[in-house]
Structures are given as structure tokens and as C-alpha cells.
Amino acid sequence: GDSVTQMEGPVTLSEEAFLTINCTYTATGYPSLFWYVQYPGEGLQLLLKATKADDKGSNKGFEATYRKETTSFHLEKGSVQVSDSAVYFCALSRSGGSNYKLTFGKGTLLTVNP
Amino acid sequence: SAVISQKPSRDICQRGTSLTIQCQVDSQVTMMFWYRQQPGQSLTLIATANQGSEATYESGFVIDKFPISRPNLTFSTLTVSNMSPEDSSIYLCSVFGSQETQYFGPGTRLLVL
Numbered sequence: 001g002d003s004v005t006q007m008e009g010p011v012t013l014s015e016e017a018f019l020t021i022n023c024t025y026t027a028t029g030y031p032s033l034f035w036y037v038q039y040p041g042e043g044l045q046l047l048l049k050a051t052k053a054d055d056k057g058s059n060k061g062f063e064a065t066y067r068k069e070t071t072s073f074h075l076e077k078g079s080v081q082v083s084d085s086a087v088y089f090c091a092l093s094r095s096g097g098s099n100y101k102l103t104f105g106k107g108t109l110l111t112v113n114p
Numbered sequence: 115s116a117v118i119s120q121k122p123s124r125d126i127c128q129r130g131t132s133l134t135i136q137c138q139v140d141s142q143v144t145m146m147f148w149y150r151q152q153p154g155q156s157l158t159l160i161a162t163a164n165q166g167s168e169a170t171y172e173s174g175f176v177i178d179k180f181p182i183s184r185p186n187l188t189f190s191t192l193t194v195s196n197m198s199p200e201d202s203s204i205y206l207c208s209v210f211g212s213q214e215t216q217y218f219g220p221g222t223r224l225l226v227l
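Chains as they are written, first to last, in the working numbering: chain A, 1 to 114; chain B, 115 to 227.
Okay, structure coming up:
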């Protein structure tokens with residue numbers, strides 16, 4: 001079945017550091033890939049997405065590129081801020097017919113210190 | 115994007131009781147989803163709720179434990195029945211927006227004593 005494996009946390013960085021959170025997936029066909037973010041005490045928010053190979057999703061300074069050859073969708077940000085402290089979830093969905101189920105990774109807790 | 119609200123936002127319940135969680139969307143949607151997020155864990159899909167039909171449950175989840183209603187295209191409820199401490203989780207509803215993207219409600223934080 002489908003699965004998402006993401007980098008174990010927690011990740012602790014200083015402000016303005018470079019961030020990478022690794023995500024790889026296993027799925028048949030051509031899934032869509034997502035990064036969701038969950039700020040403390042809040043629900044999930046869509047951060048960015050990519051729906052086909054070589055697409056780059058970007059938002060709020062975060063980027064991730066859909067790499068079919070390596071089945072990866074790593075999240076990056078060049079300079080993190082304290083306000084980026086949150087849990088980040090990588091996810092995939094396989095559309096078509098009634099199969100819109102989202103499969104999530106386990107989440108990576110990011111803490112950014114001033 | 116869709117605006118989703120959930121009630122209650124949090125609750126503390128006694129073992130053996132039931133809690134009904136409401137999910138309201140600001141637009142008509144065909145499919146609504148209910149997820150569970152256990153402490154420190156990822157999200158797991160409980161069921162998919164379509165208006166006018168029975169909900170479809172994922173492996174490991176049954177209707178007797180998690181009955182779902184979907185009376186119209188903007189509203190759904192999830193009941194957690196005969197609760198035990200293992201049911202302590204965040205319960206989230208979500209809907210499909212444009213371009214295959216799912217949007218999530220703020221969640222209901224449930225603690226069972």
C-alpha cells in the first residue's frame with residue numbers, strides 16, 4: 001500500500017538557519033504530494049503541493065520539488081524564523097475514482113530558537 | 115479554500131460515555147473526511163462521509179464505535195462511542211477544495227479519563 005516516510009524529529013535550529021526535512025514515498029501510479037503544517041494548538045494547514053513530476057511547490061519561503069526518480073519531496077527553506085516552529089507533515093494522495101485518501105508521514109517537529 | 119469549523123474545540127469525558135463532534139463547512143461539498151491524530155502520532159483516516167449514503171470506514175474503524183451522520187452537503191457529525199482512554203486524540207474533519215487539495219478543520223481535542 002501507499003506509505004510516506006519522513007525525517008524523524010525533533011529538529012532544532014537557530015533563526016536564519018537552512019532547513020531540510022526529508023520525505024520519501026511509496027505509491028503506485030502518480031500521486032499528488034503535499035506538505036501540511038500544524039502550529040501549536042491548531043489544525044493542519046496546507047503549506048504547499050505538487051501534482052506531477054518535476055513540479056515545485058512553494059509558499060512562505062518553503063519549497064519542495066516532486067522527484068519521481070527518487071520518489072522524494074523534500075521540504076526546504078533558506079532562512080527559518082521562530083514563527084516557523086511547528087509540526088510538518090508530508091502526505092500523498094492518489095486521485096481517480098473515489099480514491100482521494102491522504103496518506104501522511106509521522107510528522108517532524110521543528111523548533112526554531114532566536 | 116473552504117472554511118471549516120468544528121464543535122466542540124475540546125472536551126474532557128468520562129470512560130464509557132459518548133461524544134458527538136460537529137463539522138460545518140462554508141460551502142457545499144460532496145465528500146467529507148474524518149481523521150484521528152493520536153498523541154504524538156500522524157493522522158489516520160477514520161472514514162469518508164458522502165451525503166445521502168453510508169460512510170465508508172477504513173480498516174480498523176467500525177460504525178458501531180464511530181457512527182457518522184451526513185445530513186446535507188455542508189455538515190457532518192462523528193460520534194465517539196463508549197469511550198476509553200485510548201480514544202484520547204485530536205479528531206479532525208476535512209473536505210476537498212480545488213485541485214485535489216484537502217482542507218482541515220481546527221480539530222477537536224478529546225481527553226478521556
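No residue lacks a Cβ here, since even glycine has one placed at the ideal position from N, Cα and C.
Note that the structure is predicted; figures quoted are calculated from it, not measured.
ask   = What residues of chain B sit near Lys56 of chain A, judged by a beta carbon separation below 8 angstroms?
value = The residue given as residue 56 of chain A occupies position 56 in the first sequence. Ordered by position in chain B, no residue passes the 8 angstroms Cβ test against Lys56 of chain A, which lies about 15 angstroms from the chain.
query = Between the C-alpha atoms of Phe147 of chain B and Gln120 of chain B, what's the straight-line distance to the nearest angstrom?
reply = If you number the second sequence from 1, residue 147 of chain B lands on position 33. If you number the second sequence from 1, residue 120 of chain B lands on position 6. Those two C-alpha atoms are separated by around 13 angstroms.
key: Cβ-Cβ separation, Ala27 of chain A to Ala50 of chain A (assumed contact under 8 angstroms), whole Å   = As a first step, residue 50 of chain A must be located in the first sequence, where it is residue number 50. As a first step, residue 27 of chain A must be located in the first sequence, where it is residue number 27. About 14 angstroms; that fails the 8 angstroms criterion.
ask   = Any idea if Ser98 of chain A is buried or exposed, counting beta-carbon neighbours within 10 angstroms, 16 or more meaning buried?
value = Residue mapping note: residue 98 of chain A aligns to position 98 of the first sequence, counting from 1. Caution applies to Ser98 of chain A, whose pLDDT of 49 falls short of 50 and renders its modelled position unreliable; the value that the coordinates give is listed next. With fewer than 16 other Cβ atoms within 10 Å, it is exposed.
key: Chain-ordered neighbours of Ser212 of chain B on chain A, where CB pairs are closer than 9 angstroms   = To locate residue 212 of chain B, count along the second sequence from 1; it is residue 98. Within 9 angstroms Cβ-Cβ: nothing; Ser212 of chain B doesn't reach chain A, min ~11 angstroms.
request  = If I'm right that Tyr217 of chain B touches Leu46 of chain A with Cβ under 8 angstroms, what's the distance once you round it to whole angstroms?
outcome  = Here residue 217 of chain B refers to the residue found at position 103 when the second sequence is read from its first residue. Here residue 46 of chain A refers to the residue found at position 46 when the first sequence is read from its first residue. Right, the Cβ-Cβ distance comes to about 7 angstroms (below 8 angstroms), so this counts as a contact.
task = Run the CB neighbour count on Arg150 of chain B, radius 10 Å, all protein chains shown included, and call it buried at 16 or more, exposed below.
result = Against the second sequence, residue 150 of chain B aligns to sequence position 36. With at least 16 other beta carbons inside 10 angstroms of its own, Arg150 of chain B counts as buried.
query = Taking 8 angstroms as the CB-CB limit, is Gly97 of chain A close to chain B?
reply = Position 97 of the first sequence, counting from 1, holds the residue named residue 97 of chain A. Model confidence at Gly97 of chain A stands at a pLDDT of 49, short of 50, so the residue's coordinates are unreliable and nothing is read from them.
Residue from A:Val37, A:Thr20, A:Thr12 with nearest C-alpha to Val87 of chain A = Against the first sequence, residue 87 of chain A aligns to sequence position 87. When each option's Cα is compared against that of Val87 of chain A, the closest is A:Val37.
request  = Work out the CA separation of Val11 of chain A and Thr70 of chain A for me, nearest whole Å.
outcome  = For the purposes of this step, residue 70 of chain A is identified with residue 70 of the first sequence, where counting begins at 1. For the purposes of this step, residue 11 of chain A is identified with residue 11 of the first sequence, where counting begins at 1. In a straight line, the C-alpha of Thr70 of chain A is about 23 angstroms away from that of Val11 of chain A.
Where Gln81 of chain A falls, given that 16 or more other Cβ within 10 Å makes a residue buried = For this step, residue 81 of chain A is matched to residue 81 along the first sequence. Per the 10 Å Cβ criterion, exposed.
request  = Round the Cβ separation of Cys23 of chain A and Phe73 of chain A to the nearest angstrom and send it over; I've been treating them as touching at under 8 angstroms.
outcome  = The residue you call residue 23 of chain A lines up with position 23 of the first sequence. The residue you call residue 73 of chain A lines up with position 73 of the first sequence. About 5 angstroms; that satisfies the 8 angstroms criterion.
task = Report buried or exposed for Leu227 of chain B, applying the criterion of at least 16 other Cβ atoms within 10 angstroms of its Cβ.
result = Indexing the second sequence from 1 puts residue 227 of chain B at position 113. Its Cβ having fewer than 16 others within 10 Å, Leu227 of chain B is exposed.
message = Can you tell me whether Ser72 of chain A is helix, strand or coil according to DSSP?
response = As a first step, residue 72 of chain A is located in the first sequence; it is residue number 72 there, counting from the start. Strand, per DSSP.
request  = Give the range of the beta strand (DSSP E) segment to which Ser14 of chain A is assigned.
outcome  = Counting from one through the first sequence, the residue named residue 14 of chain A turns up at place 14. Ser14 of chain A -> beta strand (DSSP E) spans 11-14.
query = Going by Cα to Cα distance, which pick from A:Ser85, A:Thr103, A:Leu92 is closest to Asn113 of chain A?
reply = Numbered from its first residue, the first sequence carries residue 113 of chain A at position 113. For the residues A:Ser85, A:Thr103, A:Leu92, the minimum Cα distance to Asn113 of chain A belongs to A:Ser85.
task = Give the DSSP bridge partners of Ala169 of chain B, in chain order.
result = Residue mapping note: residue 169 of chain B aligns to position 55 of the second sequence, counting from 1. DSSP lists no partner for Ala169 of chain B.
inquiry  = For the structure I just gave you, are there three or more beta carbon pairs, one from the segment 103-113 of chain A and one from the segment 150-168 of chain B, closer than 8 angstroms?
reply    = yes
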